[in-house]
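Asker: So that we are looking at the same thing, I have put the structure below in structure tokens.
Below you can see the structure in the form of structure tokens.
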């Protein structure tokens, strides 16, 4: 690039940055308190919009000069709705489990008065002498936030916030580099694709850079279809510009003209925020024709997936962008050489693009110093299931599963026992207690039979049946199979039928052998990742929890008391309290009635085994029992 | 599945569907790559994709109607029957499933008297499952009219239905 052009780019950006910083300072350094409400999808589900409304109403009523802004997801999803108040002379304080009543109090007592309402505090965002900060939490020892750093701290619909926090400076730096230099830097960082397979990003960029054909495309794969994963959603909702910046840099590097962000229509808020972000970036000429006055032009379109899991596979995604059913095709040629409309196409996951700006800003060396020998950087996980601190975490590669689950996630709730952790969704596997000391990286997880996947981590406790979870995932992949490969189409169906039999008490002992054989065949006979990995949940549960399969088959017993055909609910007459009707009132199918002694009895014919009575029975009586096999029920007198 | 849903029948209704589809198509180029966005937009307008709309789209993109149909039936998002007034989407993601999402789905089925993918005869509700809405923390989740509701167990299903009923009563009094 010519020298004259370089100076145009830097001076154009200088102006943008100054304006953004002014905007940011006017908000945070003006001596006014600022209230931030986390309104990402997880917050909204917990009632964040009602909290936002209550705060705005109270601020108006009190006639306060106090900006109320919406931010994304802080990662502490277990404490939603979350509110952060940053008031001069106080550290920014984060409050958890806020409801409209608490919100009103916070405004009255902390904004108007001087009482920080310690009883609702979750933690301060900075270290201080007044309130415990997040850095004092045990999890702080393990967490290292790179791509989640902005999430929950900036307004994702304000490009100025992102720029004031250092955003788009990596783009300006990259525009002054040669494409080969950028590829070198990304290679040096050792970054591997975060979509699950872990292919070296720098290598992919190089292939695409050298590929012949125009126009080239950059596609951000945000088709996060794994049930139980929400990292990409959170990043697109809470920090969309970080992904866009990564894509522009990628576009410049490989010489692309167009980009697509492909995300799920099931993520309406992510769609909205990305659209706003694209508009704002275009307005500032960070996107579009002749970016920042230079001679590089690049534009991004948003494409909404229509609910097909297989479209997470790149060749299927291409088919779907071209307006066809999302059916994968054979590779090679890889999309990097021949992709969308037959042109070279660079595919990366949302998180991969989000890392790029940090690598350009801090250098590949810096990134390569984090993590393990073969897996560099951090890993982002969505913790869900039976775990105390559900939410998003970012830890360096090499952290052990135990540290993530027990130290960052604070372990299993209700004093239950850990049984397994499901990693990588339908393509991953279930790892038992004995695998907990594995360091998290791409290779160790695959060796154990699971895979990194895109980062969903669902923790299972003693109440979860491992046969059922295998059946659940297979039901999912079987339904989502596009039907192109015979083994994936029919093999998964047959495996599902066998698992249905086992969980419904019709299992035969030969079934286990048949399952493992079928699993190997499906793996070998499928074209794309969906079929190749579909048997993983079955294989890992067979490997680590074979005894549970045997209990189902040989004894008709579900050890976790989960499979509905193998359990029954029973009210212990000696424990049942005559004057209490809790179970009768809550039973949704009116299957419980009192006998002439006012002892409650379940009509097993009517019972749908929903477990509502078990929850309803007051703990002091504790009269409802779950039994497996159903023949355990004592004969009625 | 289809027998529970009233199909559009009168020529007047058909003409209306064609009219609305045509209007939506004005904003798009005649590129096959626009098929999925067009279908999304048309479904957003009509609530579903009737045959007349499919034919209109096929003609516009100059592709066989069969291709439009194959795309519609491939993707989970598209529906071939009219939606109910209220949409009920039971999340069956991993976390929701393990916390009893399938029990919740059963409760909805029982109360509404319809199966997954169907619309109730009075067009008040339609029921479907969704793979994961990413609110795993609130499991089991049901998305009611686009709003994710957390911890929906059979008793909350009854509670939600009751609130709809009360709303209806309030409206009818007015």
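Chains as they are written, first to last, in this note's numbering: chain Z, 9 to 645; chain F, 3 to 176.
Note that CB positions come from ideal geometry on N, CA and C, so glycine has one too.
For residue 637 of chain Z, which option in Z:453, Z:630, Z:575 has the closest C-alpha, if you only look at C-alpha atoms?
Answerer: Closest by alpha carbon: Z:575.
Asker: So that I know if they touch, is there some Cβ in chain Z lying closer than 9 Å to that of residue 149 of chain F?
Answerer: Closer than 9 Å to some Cβ of chain Z, the Cβ of residue 149 of chain F qualifies, so yes.
Asker: With distances taken Cα to Cα, identify the nearest neighbour of residue 355 of chain Z among Z:549, Z:230, Z:334.
Answerer: Selected option, being the one with the closest Cα: Z:230.
Asker: Tell me the rounded alpha-carbon separation between residue 54 of chain F and residue 44 of chain F.
Answerer: The alpha-carbon atoms of residue 54 of chain F and residue 44 of chain F are separated by roughly 12 Å.
Asker: Is there a C-beta anywhere in chain F that falls below 9 Å from the one on residue 472 of chain Z?
Answerer: Closer than 9 Å to some Cβ of chain F, the Cβ of residue 472 of chain Z qualifies, so yes.
Asker: In chain order, what residues of the region 446-478 of chain Z put their CB closer than 8 Å to some CB of chain F?
Answerer: Those would be 464, 466, 468, 472, 477, in chain order.
Asker: By the 10 Å Cβ neighbour count, where 16 or more other Cβ atoms means buried, how is residue 169 of chain Z classified, buried or exposed?
Answerer: Counting Cβ neighbours within 10 Å, residue 169 of chain Z comes out buried, since at least 16 surround it.
Asker: Starting from residue 287 of chain Z, trace the beta strand (DSSP E) both ways and give me its first and last residue.
Answerer: Run containing residue 287 of chain Z: none in the beta strand (DSSP E); it sits in the alpha helix (DSSP H), 276-291.
Asker: Give a yes or no on whether the C-beta atoms belonging to residue 389 of chain Z and residue 373 of chain Z are separated by under 9 Å.
Answerer: Contact flag unset, no.
Asker: Helix, strand or coil, according to DSSP, for residue 88 of chain F in the structure here?
Answerer: Correct three-state label for residue 88 of chain F: strand.
Asker: Would you tell me roughly how many angstroms separate the C-alpha atoms of residue 488 of chain Z and residue 294 of chain Z, rounded to the nearest one?
Answerer: Spanning the two alpha carbons is a distance of roughly 38 Å.
Asker: So residue 549 of chain Z packs on residue 474 of chain Z, CB below 8 Å; how close in whole Å?
Answerer: That belief holds up - the Cβ atoms of residue 549 of chain Z and residue 474 of chain Z are roughly 5 Å apart, short of 8 Å.
Asker: From residue 358 of chain Z to residue 586 of chain Z, what does the alpha carbon distance come to, in whole angstroms?
Answerer: About 58 Å.
Asker: Counting only the same chain and skipping the five closest in sequence on each side, list residues whose C-beta sits under 8 Å from that of residue 250 of chain Z.
Answerer: So the qualifying residues of the chain are 155, 158, 170, 175, 243, 361, 362, 365.
Asker: Beta-carbon of residue 512 of chain Z versus every beta-carbon of chain F: anything under 9 Å?
Answerer: So, not an interface residue.
Asker: Below 8 Å, how does it come out for the region 86-105 of chain F and the region 125-132 of chain F: are there three or more Cβ pairs, yes or no?
Answerer: The region 86-105 of chain F, when compared against the region 125-132 of chain F, does touch it at the 8 Å Cβ threshold.
Asker: Given a cut-off of 9 Å on the beta-carbon distance, is the pair residue 209 of chain Z and residue 200 of chain Z in contact?
Answerer: Yes.
Asker: Pick from Z:472, Z:430, Z:477, Z:470: whose alpha carbon is nearest that of residue 454 of chain Z?
Answerer: It is Z:430.
Asker: Since I believe residue 132 of chain Z is in contact with residue 88 of chain Z (beta carbons under 8 Å), could you give me their beta-carbon distance rounded to a whole number of angstroms?
Answerer: The pair is not a contact, with the Cβ atoms about 18 Å apart (cut-off 8 Å).
Asker: Would you tell me roughly how many angstroms separate the C-alpha atoms of residue 344 of chain Z and residue 172 of chain Z, rounded to the nearest one?
Answerer: Between residue 344 of chain Z and residue 172 of chain Z, the C-alpha separation is close to 34 Å.
Asker: Please report the residue range of the alpha helix (DSSP H) in which residue 389 of chain Z lies.
Answerer: Per DSSP, residue 389 of chain Z belongs to no alpha helix (DSSP H); it is in the beta strand (DSSP E), 386-393.
Asker: Closer than 7 Å by C-beta to residue 484 of chain Z: which residues in its own chain qualify, once you throw out the five before and the five after it? Chain order, please.
Answerer: The answer, listed in chain order, is 235, 434.
Asker: Using beta carbons (cut-off 9 Å, strictly below), is residue 351 of chain Z in contact with chain F?
Answerer: By this cut-off, residue 351 of chain Z is not an interface position.
Asker: Specify the secondary structure class of residue 6 of chain F as computed by DSSP and reduced to three states.
Answerer: Below a pLDDT of 50, predicted positions are generally treated as unreliable, and residue 6 of chain F, at 45, falls in that range; the measurement from the model is reported next regardless. The answer is helix: DSSP assigns residue 6 of chain F an H, G or I state.
Asker: Starting from the Cα of residue 221 of chain Z, find the closest Cα among Z:177, Z:348, Z:75, Z:424 and give me that residue.
Answerer: Comparing Cα-Cα distances from residue 221 of chain Z to each of Z:177, Z:348, Z:75, Z:424, the minimum goes to Z:348.
Asker: Cβ of residue 177 of chain F less than 9 Å from any chain Z Cβ?
Answerer: The structure shown does not extend to residue 177 of chain F, since chain F is modelled only from 3 through 176, so no value can be given for it.
Asker: Under the three-state reduction of DSSP, which class applies to residue 356 of chain Z: helix, strand or coil?
Answerer: Three-state DSSP puts residue 356 of chain Z in a strand.
Asker: Give, in chain order, every unbroken run of the alpha helix (DSSP H) that is at least 4 residues long and sits entirely within the region 44-130 of chain Z.
Answerer: As far as the region 44-130 of chain Z is concerned, its whole alpha helix (DSSP H) runs of at least 4 residues are 49-53, 56-69, 108-113.
Asker: Cutting at 6 Å between CB atoms, please list the residues of its own chain near residue 31 of chain Z, excluding the five before and the five after it.
Answerer: Same-chain partners within the cutoff: 168.
Asker: So for residue 273 of chain Z, helix, strand or coil by DSSP?
Answerer: Correct three-state label for residue 273 of chain Z: coil.
Asker: Measure from the alpha carbon of residue 632 of chain Z to the alpha carbon of each residue in Z:406, Z:581, Z:643, then state which is nearest.
Answerer: The candidate whose alpha carbon is nearest that of residue 632 of chain Z is Z:581.
Asker: Please list the partners that residue 330 of chain Z has in chain F, where partner means a Cβ-to-Cβ separation under 7 Å.
Answerer: The contacting residues are 34, 35.
Asker: Using a cut-off of 7 Å between C-beta atoms, extract the partners of residue 274 of chain Z located in chain F.
Answerer: Within chain F, the residues near residue 274 of chain Z are 132, 135.
Asker: At least one CB of chain Z closer than 9 Å to the CB of residue 6 of chain F: is that the case?
Answerer: With a pLDDT of 45 at residue 6 of chain F, under the threshold of 50, the modelled position of this residue cannot be trusted; read the value that follows with caution. Not an interface residue.
Asker: Please list, in chain order, the chain B residues whose beta carbon lies closer than 8 Å to that of residue 314 of chain Z.
Answerer: Although the question refers to chain B, the structure presented lacks it and instead comprises the protein chains Z and F.
Asker: Whether or not the region 261-279 of chain Z and the region 296-315 of chain Z are in contact is what I'm after, with contact meaning three or more pairs of Cβ atoms, one per stretch, closer than 8 Å; do they touch?
Answerer: The region 296-315 of chain Z vs the region 261-279 of chain Z: in contact.
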